[in-house]
Structure formats: C-alpha cells, structure tokens
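A short write-up of the structure that comes next.
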Ligand SMILES: C[S@@+](CC[C@H](N)C(=O)[O-])C[C@H]1O[C@@H](n2cnc3c(N)ncnc32)[C@H](O)[C@@H]1O
C-alpha cells in the first residue's frame, strides 16, 4: 500500500470503535431504507466494496452469494462479529479496493455504500470494479458527493480537510465524474437527499 492509502486505512482502524454509534442518526433517518432498497438491485455473485462494520449484512437475502472486502482490519473485525451474530454466510476479506486479488469478470453485481468518499485513489478503485464485474453486470452505489450548489459546494471545500483528517472521508468528491473517468458510460443517477446523496446504477458495458 502506498503512504496515502496507509494513512486513510489507519484512520478507519481508529474510527471503527465509534463508527456504528456515529452513524446511528443517519441510519435512523433514511440510510437503512436506502440500503434495503438498493440491495434489491443485486443478484448472483455479489462483491461489496468497503464493507466496513457490516451495515448492509442484515439486509442481504439468503440467495445472494456475498463477498465483502475492506482495507481496515478493525472495521472488518466488527463486520465478522455482526455476520456471526446474524448467522449470515458472507465471505469477508482484507483487501485494498485499488488492487483487488479477484480475476477479471468475477462478480454479477458490485455494491458500495459511502465508500468512494474515502478510497484514496477513487479512479483506480472504480477501474478495479469495472475489471472484476462481469460484462453487463450491475454496479449499485449509494454515495455522497460534492453539491452543485455554489454555497454548499464552497462550504464542503472549506470543511473537507478537517473531515478527511478526522475520519478519512472526503465530503467534496465528484464521484459521478470519477465514474465517467474510470470508463463507465451506462450510468443512472437518482438524488436521494438534496443533490448530495445519490443512488447510482451502472451497467458494466465492456
Ligand atoms: C464510510 S465507511 C462505509 C462503510 C460501509 N460501506 C457502510 O455503508 O457503513 C468507508 C469504508 O470504506 C473502506 N475503504 C476505503 N478505502 C478503501 C480501500 N481502498 N479498500 C478497501 N476498503 C476501503 C473503509 O475502511 C471503510 O470501512
């Protein structure tokens, strides 16, 4: 791992202890409904990138064959405990999304929730998703992005360095444009909250 990746990885290791607690208000508002709704889009062999503490695990139906990866061993530890408690069979692997160990065209679906705010090199990570997802496979993402509204965007830019330093996440990522740069072209985007939280569905045309 390069130095920048190692720094962000360590921030998530540190954040793992309080992640679920800090996330609770968002979960209670709408996030858990968005998760459940997005999971309905998945099929077959599924890769969850940046599985974190395993917030999506409880919503996976039994017919999905799910593999979750994360580069924070502390976040993964929590996910493993959650999967065991919920009696869910899910493979959880320590892996960097920017350099995945999977063969090309391995997964039918790829899922991410609030991950591409923190992957150190998002374009590299998105290209890896493109590689490991089968042709015509579906990539489903719930991601927060930089607003297009000038004042909000300026505030996001101002506060971003503090948020990155504290949690490892960026609040001003231009994720849709990163997705296009990574080579995807069949992209559907729906606003879930203002123009900041988005549900993104990509058909992996290769
Ligand atoms: C904000 S958390 C979201 C966790 C989970 N997806 C959720 O919805 O609660 C971002 C997660 O992405 C992981 N992550 C960030 N960059 C990564 C990378 N390059 N490889 C693997 N995991 C990464 C972090 O360790 C963290 O667990």
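In the numbering used here, the protein residues as written are 1 to 206.
We put the beta carbon where it would ideally sit given N, CA and C, even for glycine.
Where the alpha helix (DSSP H) through residue i begins and ends
i: residue 41; result: Unbroken run through residue 41: none, as it is neither H nor E.
i: residue 10; result: 3–26
i: residue 178; result: 175–181
i: residue 128; result: 122–132
i: residue 158; result: 150–167
i: residue 215; result: The chain is shown from 1 up to 206; residue 215 falls before or after that span and cannot be answered.
Pair within 8 Å by beta-carbon distance, residue i and residue j
i: residue 97; j: residue 119; result: yes
i: residue 185; j: residue 137; result: no
i: residue 173; j: residue 102; result: no
i: residue 176; j: residue 189; result: yes
i: residue 92; j: residue 68; result: yes
i: residue 38; j: residue 199; result: yes
i: residue 201; j: residue 34; result: no
i: residue 104; j: residue 148; result: no
i: residue 207; j: residue 134; result: No answer is possible for residue 207: it lies beyond the span of the chain, which begins at 1 and ends at 206.
i: residue 19; j: residue 53; result: yes
i: residue 36; j: residue 59; result: yes
i: residue 74; j: residue 16; result: yes
i: residue 167; j: residue 11; result: yes
i: residue 100; j: residue 132; result: yes
Exposure label - residue i; buried when at least 16 CB within 10 Å
i: residue 4; result: exposed
i: residue 146; result: buried
i: residue 87; result: exposed
i: residue 179; result: buried
i: residue 42; result: buried
i: residue 21; result: exposed
i: residue 122; result: buried
i: residue 82; result: buried
i: residue 151; result: exposed
i: residue 158; result: exposed
i: residue 165; result: exposed
i: residue 28; result: exposed
i: residue 56; result: buried
i: residue 228; result: Here the chain has residues from 1 to 206 only, and residue 228 is not among them.
i: residue 191; result: exposed
Residue i: first and last residue of the uninterrupted beta strand (DSSP E) it sits in
i: residue 200; result: 197–203
i: residue 70; result: 65–70
i: residue 31; result: No beta strand (DSSP E) contains residue 31, which DSSP labels as neither H nor E.
i: residue 108; result: 107–113
i: residue 189; result: 187–193
Closer than 7 Å: residue i CB and nearest ligand 2 heavy atom
i: residue 127; result: This structure lacks ligand 2; the ligands present are ligand 1.
query: Do three or more CB pairs link the stretch 45–58 to the stretch 109–127 at distances below 8 Å?
result: Contact between the stretch 45–58 and the stretch 109–127 is present, because at least three Cβ pairs lie under 8 Å.
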